[in-house]
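**Q** The following block contains the structure, expressed as structure tokens.
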Amino acid sequence: MAIINENIVYLDNNASTSVDDRVIEAMLPIFKSNFGNSGSDHAYGWEAEEVVTIARERISELVHCKPSEFIFTAGATEAANIGILGFCRANKSKGNQIITVKTEHKAILEPIKALEKEGFRVSYLNVDDCGNIDLQELDKAITKETVLVVVMLANNETGLIHPIAEIAQLVHNKSSTLFCDITQAVGKINVDLEALNIDMAVFSGHKMHGPKGCGALYLNRKSRLNVVQTFYGGSQEKNLRPGTLNVPAIVGLGAAAYYAKSELKTNCDTMLALRNSLEKGLLDIDSVFIHAQNEERLPNTVNFAVTNIDGGKLLRRMNKIAISRGSACNANTVNPSHVLTAMGFDAAIALASFRVSLSKATTSSDIEFAIKNIREAIYSLQKMTA
Ligand code: PLP
């Protein structure tokens, strides 16, 4: 299943995952027969509203929150814009400082940059060579002026997991608010929003075998968050995401959440075993090391670096596998990854670092194939340039 045409093995699941067949099955009737607008006051509308309600319940069970605590959006980027812009603008009178981390995804950093232009002062926390933040530095950085602290749960490039429960404690001790991008963690590890004590979170369907164009913004009811509108139109989704609900995608996200929850342990164990054998195979190759190797990471993500090599040439030789350099959203540019640069790596290493990301569809033969392709590519390039 993981091998698509031309025998290219797909190992870029942090960019996007295949849609589970059962998710497609759940979505099809919503296109064909049950196509009503969930806001309409007749049988078609009521039916659509009902399937949306079921999806809300399934999603809330996956991330451990109440069905009323999140709104549907077109993905994590849109959710982050609605949440970050809306919350900071609403709370400007409280203070004008935002704290975030240099290794956050652009979906988070860009709305924050927009707020910088509106007069907010942004503190970007440094990370160590594994991507960890210093919690004492964070604690010191939070002042009475801190409106929002933004730290992701798991990094999309390295898989590094931040200690979010501890961070939430620090943030709340100083009466500030925590926004957390949980996009890469959902469906790969257990994400318990209530236990983590996050105030706002975002995630996305297409990273967990659901459809593209559907995600959510979580707003913790206990935090009583004041969020002003970014978009205007209808009153859907608490006025924050106006417009007709994307019912087929919402049903797909609900189905993806249902399977992600019921199969979490099996998927996690399988991916971890495959990831470990991939890492073993990679570390047997001369001049390869793995970023954040000994840190707590997602069970599906490996970011390996090759020393003294031209990363661009190497990528072109690893053409039998689909892997990525930097985040997918940056893939058209040759800029070194801002994540690896923040971790202190120079451009040559950052450009010769590759993310391999597995999914529940990855098989052991995919991994063997990948190790072989990577090994042959490195050795043949090293031989040529020796
Ligand atoms: N946050 C992280 C950590 C991501 O990896 C991504 C996608 O690459 C996003 C946010 C954006 O998600 P979406 O594609 O749903 O807008």
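Here the sequence shown stands for residues 5 to 390, numbered as in the working numbering. Built from N, CA and C at the ideal position, the CB exists for glycine as well. The model shown is predicted, which means the values in this text are computed figures rather than measured ones.
1) In three-state terms, what does DSSP make of I186?
2) Going by CA-CA distance only, name the one from I165, C69, K216, A52 that's closest to V23.
3) Going by DSSP, which residues form a beta bridge with D133?
4) Thinking just about the alpha-carbon of each residue, which of R125, R301, S180 is nearest to the one in S361?
5) So, are the CB atoms of V255 and I12 less than 7 Å apart?
6) Would the C-beta of G79 count as close to the ligand PLP, meaning under 6 Å from any of its heavy atoms?
7) If we ignore side chains and look at the alpha-carbon of each, how far apart do H213 and A390 end up?
8) With H, G and I counted as helix, E and B as strand and the rest as coil, what does DSSP make of M156?
9) By the 10 Å Cβ neighbour count, where 16 or more other Cβ atoms means buried, how is L15 classified, buried or exposed?
10) Pull up the CB-CB distance for S42 and L249, whole angstroms please, since I reckon it's below 8 Å.
11) Quick check: does the Cβ of N160 come within less than 6 Å of any heavy atom belonging to the ligand PLP?
12) Between L244, G238, A253, which lies nearest to V232 when the distance is taken from Cα to Cα?
13) Would the C-beta of S208 count as close to the ligand PLP, meaning under 6 Å from any of its heavy atoms?
14) In the DSSP assignment, the beta strand (DSSP E) including Y222 goes from what residue to what residue?
15) Kindly indicate which three-state DSSP category T150 falls into: helix, strand or coil?
16) Mind checking who T181 pairs with in its DSSP beta bridge?
17) Which residue from Y262, I202, H210, E141 puts its Cα closest to that of L223?
18) Would you mind reading off the limits of the beta strand (DSSP E) that contains S44?
19) Say the cut is 6 Å; is the CB of D185 nearer than that to a heavy atom of the ligand PLP?
20) Assuming K211 and Q240 are in contact, meaning their beta carbons sit under 8 Å apart, how far apart are those beta carbons, in whole angstroms?
21) Is the number of C-beta pairs between the segment 193-200 and the segment 369-378 that are closer than 8 Å three or more?
22) H166: which of K269, G99, L142 sits nearest, CA to CA?
23) Quick check on the burial criterion: 16 or more other C-beta atoms within 10 angstroms. Buried or exposed for A264?
24) Per DSSP, which residues does Y14 bridge with? Please list them.
25) Can L385 and L318 be called in contact, C-beta distance under 7 Å?
26) Helix, strand or coil: which one does DSSP assign to A205?
27) What first and last residue would you give for the alpha helix (DSSP H) that runs through F293?
28) Pick helix, strand or coil for R245, following the three-state DSSP scheme.
29) Ignoring anything shorter than 4 residues or poking outside the segment 334-390, list the alpha helix (DSSP H) runs there in chain order.
30) Can you list, in chain order, the residues of its chain with a C-beta nearer than 7 Å to that of E283? Leave out the 5 residues immediately preceding and following it.
31) Assuming contact is defined by CB atoms lying nearer than 7 Å, are L182 and A172 in contact in what I supplied?
32) With which residues is A309 paired in a DSSP beta bridge?
33) Which of helix, strand or coil does DSSP assign to R301?
34) Determine contact between the segment 119-127 and the segment 71-82, defined as no fewer than three beta-carbon pairs at a distance below 8 Å.
35) What residue range is occupied by the uninterrupted alpha helix (DSSP H) comprising I254?
36) Taking 7 Å as the limit between beta carbons, can you name the residues of its chain near V131, skipping five residues before and five after?
**A** With the structure as the only source:
1) Residue mapping note: residue 186 aligns to position 182 of the sequence shown, counting from 1. Coil at I186, not helix or strand.
2) Counting from one through the sequence shown, the residue named residue 23 turns up at place 19. Of the candidates I165, C69, K216, A52, the one whose C-alpha sits nearest the C-alpha of V23 is K216.
3) Along the sequence shown, read from residue 1 onward, the residue named residue 133 stands at position 129. Per DSSP, none; premise fails for D133.
4) Here residue 361 corresponds to residue number 357 of the sequence shown, with the count starting at 1. Looking at the Cα atoms, R301 is the closest of the given residues.
5) As a position in the sequence shown, residue 255 is number 251, starting the count at 1. As a position in the sequence shown, residue 12 is number 8, starting the count at 1. Their beta carbons are not under 7 Å apart, which means V255 does not touch I12 by this criterion.
6) Within the sequence shown, residue 79 is the residue found at index 75, counting from 1. Yes; taking the cut-off as 6 Å, the Cβ of G79 has a heavy atom of the ligand PLP nearer than that.
7) Taking the sequence shown and counting its residues from 1, one reaches residue 213 at position 209. Taking the sequence shown and counting its residues from 1, one reaches residue 390 at position 386. Cα to Cα, H213 sits roughly 43 Å from A390.
8) Sequence index remark: in the sequence shown, residue 156 carries index 152 (1-based). DSSP places M156 in coil when its eight states are reduced to three.
9) Taking the first residue of the sequence shown as position 1, residue 15 is located at position 11. Flag for L15 reads buried.
10) Taking the sequence shown and counting its residues from 1, the one referred to as residue 42 is at position 38. Taking the sequence shown and counting its residues from 1, the one referred to as residue 249 is at position 245. Between L249 and S42 the Cβ distance is about 5 Å, and since that is below 8 Å, they are a contact.
11) Position 156 of the sequence shown, counted from the start, is the residue given in the question as residue 160. Correct: N160 has its Cβ closer than 6 Å to the ligand PLP.
12) Walking along the sequence shown from the start, residue 232 turns up at place 228. Closest option to V232, Cα to Cα, is L244.
13) Numbered from 1 along the sequence shown, position 204 holds the residue referred to as residue 208. It does: the Cβ of S208 is within 6 Å (strictly closer) of some heavy atom of the ligand PLP.
14) Residue numbering aside, residue 222 sits at position 218 when the sequence shown is read from its first letter. Here the beta strand (DSSP E) through Y222 covers 219-223.
15) Indexing the sequence shown from 1 puts residue 150 at position 146. T150 falls in the strand class under three-state DSSP.
16) As a working mapping, residue 181 is identified with position 177 in the sequence shown. Beta-bridge pairing links T181 to L152.
17) Taking the first residue of the sequence shown as position 1, residue 223 is located at position 219. Considering only alpha carbons, the answer is I202.
18) Along the sequence shown, read from residue 1 onward, the residue named residue 44 stands at position 40. Looking at the DSSP string, S44 is not in any beta strand (DSSP E), and its letter there is neither H nor E.
19) As a working mapping, residue 185 is identified with position 181 in the sequence shown. Within the cutoff, so yes.
20) As a first step, residue 211 must be located in the sequence shown, where it is residue number 207. As a first step, residue 240 must be located in the sequence shown, where it is residue number 236. At roughly 24 Å, the Cβ-Cβ gap does not stay under 8 Å, so K211 and Q240 are not in contact.
21) no
22) In the sequence shown, residue 166 corresponds to position 162, counting from 1. H166 has its Cα closest to that of L142, out of K269, G99, L142.
23) Stepping through the sequence shown from its first residue, residue 264 is reached at position 260. Buried.
24) For the purposes of this step, residue 14 is identified with residue 10 of the sequence shown, where counting begins at 1. According to DSSP, Y14 bridges with A326.
25) Taking the sequence shown and counting its residues from 1, the one referred to as residue 385 is at position 381. Taking the sequence shown and counting its residues from 1, the one referred to as residue 318 is at position 314. Taking 7 Å as the Cβ cut-off, L385 and L318 qualify as a contacting pair.
26) Along the sequence shown, read from residue 1 onward, the residue named residue 205 stands at position 201. If DSSP states are grouped into helix, strand and coil, A205 belongs with the strands.
27) Numbered from 1 along the sequence shown, position 289 holds the residue referred to as residue 293. Run containing F293: none in the alpha helix (DSSP H); it sits in the beta strand (DSSP E), 292-294.
28) Against the sequence shown, residue 245 aligns to sequence position 241. Here R245 sits in coil by DSSP.
29) 342-346, 351-355, 368-389
30) To locate residue 283, count along the sequence shown from 1; it is residue 279. Around E283: I294, V306.
31) Taking the first residue of the sequence shown as 1, we reach residue 182 at position 178. Taking the first residue of the sequence shown as 1, we reach residue 172 at position 168. Taking 7 Å as the Cβ cut-off, L182 and A172 qualify as a contacting pair.
32) As a working note, residue 309 is residue 305 in the sequence shown. Paired residues: F293, S357.
33) Reading the sequence shown from its first residue, position 297 is the one you call residue 301. Residue state, collapsed to three classes: strand.
34) no
35) Taking the first residue of the sequence shown as position 1, residue 254 is located at position 250. Run containing I254: 251-266, per the alpha helix (DSSP H) assignment.
36) Position 127 of the sequence shown, counting from 1, holds the residue named residue 131. Correct list, in chain order: V105, K106, T107, I137, A346, M347.
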